[in-house]
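In our numbering, the protein residues as written are -18 to 138.
This is how it looks when you write it as structure tokens:
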């Protein structure tokens, strides 16, 4: 059984990295004339936000899957690719994410489905780290859930 719930939370902001270049190019002509041309460039690496920053699935019946939706956001005016990396426990429960990678256009976002299935009656914690390219900027989503053999914890569809 899959149970869906909605989560609300604060948006985690990663400031954009901005580079400003101010220089001059000098052109040397055959008649010994030198022309100096100012060059100004601004490079902005895209950033990611995640909302919410953490999800606590609470107590779930062992073997039952609970699901929440979070939003991954690219507020930048630049396209980017992203992927998710999981770190954490796998023996007490299982967290999964769909999709686990993707591409953003400028000022884009996507919904991610996060699932938790308790394997034992113990606490399970994990972290999904979302890494962007270019720039290798990252945000983290902290996850928690607890398993129970008590059938009162069974969530109805």
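Backbone N, C-alpha and C define an ideal beta-carbon position, used for all residues, glycine too.
From a predicted model like this one, the values you see are computed outputs, not experimental measurements.
Whole angstroms are fine: how far does the CA of residue j sit from the CA of residue i?
i, j, result
"residue 72", "residue 90", "32 Å"
"residue 115", "residue 87", "13 Å"
"residue 135", "residue 36", "19 Å"
"residue 129", "residue 99", "8 Å"
"residue -15", "residue 48", "Per-residue confidence for residue -15 stands at a pLDDT of 36, beneath the threshold of 50, marking its modelled position as unreliable; the derived number appears in the next sentence. Approximately 5 Å, taken between the alpha carbons."
"residue -1", "residue 64", "22 Å"
"residue 106", "residue 97", "10 Å"
"residue -6", "residue 103", "In this prediction, residue -6 scores a pLDDT of 47, lower than 50, which makes its location untrustworthy; the coordinate-derived value is nonetheless stated afterwards. The straight-line gap from Cα to Cα measures roughly 32 Å."
"residue 46", "residue 94", "12 Å"
"residue 113", "residue 8", "39 Å"
Determine the extent of the beta strand (DSSP E) in which residue i is found, giving its start and end residues.
i, result
"residue 108", "104 to 114"
"residue 75", "74 to 79"
"residue 47", "46 to 55"
"residue -1", "-2 to 9"
"residue 37", "35 to 42"
"residue 135", "Where residue 135 is concerned, there is no enclosing beta strand (DSSP E), given that its DSSP letter is neither H nor E."
In its own chain, which residues sit with a C-beta less than 6 Å from the C-beta of residue i, not counting the 5 before and 5 after it?
i, result
"residue 108", "68, 69, 121 and 123"
"residue 18", "6"
"residue 54", "30 and 90"
Under 7 Å Cβ to Cβ from residue i, same chain only, skipping five residues before and after it: list those, please.
i, result
"residue 101", "43, 73 and 128"
"residue 132", "42"
"residue 59", "25, 27 and 87"
"residue 4", "20"
Tell me whether residue i is buried or exposed, calling it buried when 16 or more other Cβ atoms sit within 10 Å of its Cβ.
i, result
"residue 24", "exposed"
"residue 118", "buried"
"residue 82", "exposed"
"residue 62", "exposed"
"residue 138", "Unreliable positioning characterises residue 138 in this predicted model, as indicated by a pLDDT of 48, which lies under 50. A coordinate reading is not provided."
(message) Does the structure place the region 8 to 17 close enough to the region 77 to 94 that three or more beta carbon pairs sit under 8 Å?
(response) Result no; under three Cβ-Cβ pairs closer than 8 Å.
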